[in-house]
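Under UniProt numbering, the first residue of the sequence shown is numbered 1, with each subsequent residue one higher.
The beta carbon of each residue, even a glycine, is placed where N, CA and C say it ideally should be.
The structure appears below as structure tokens.
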Amino acid sequence: MKEIIDQIIEIDSLAFDNKTKNEQLLLKKKQEYEKTIQDYRIEKLNDAKNKAQQLAEETENFIHENELAQESKILKISEEIEKLYKKSEKDLVEKIFNKLFVLEG
Numbered sequence: 001m002k003e004i005i006d007q008i009i010e011i012d013s014l015a016f017d018n019k020t021k022n023e024q025l026l027l028k029k030k031q032e033y034e035k036t037i038q039d040y041r042i043e044k045l046n047d048a049k050n051k052a053q054q055l056a057e058e059t060e061n062f063i064h065e066n067e068l069a070q071e072s073k074i075l076k077i078s079e080e081i082e083k084l085y086k087k088s089e090k091d092l093v094e095k096i097f098n099k100l101f102v103l104e105g
């Protein structure tokens, strides 16, 4: 009878050891999967961050180029307006002098 109880204790002990090993293996696998998921998450977040930074830089460059182009257009228009103003001013001064000289003459 003692032998049977010893065998049951041994079987129970082996079963407990196997259960403990299986739980440890499952925990280890769970931790591996969680790490894999965390690494994947970090990788994807970094990819998204890098793409967002790249897009922001491209947008800033595009805006800067457009600003330069607009400034150039504005400068040309301003120069043209100034040229027309000076011509109009010159023509007006000539007309005024012509009228003055005609009135005096």
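The C-alpha of Ile9 lies about 10 Å from the C-alpha of Lys2. Residue ranges of uninterrupted alpha helix (DSSP H) with 4 or more members are absent from the segment 72-100; none lies entirely inside it. Here the alpha carbon of Leu55 sits roughly 26 Å from the alpha carbon of Ser72.
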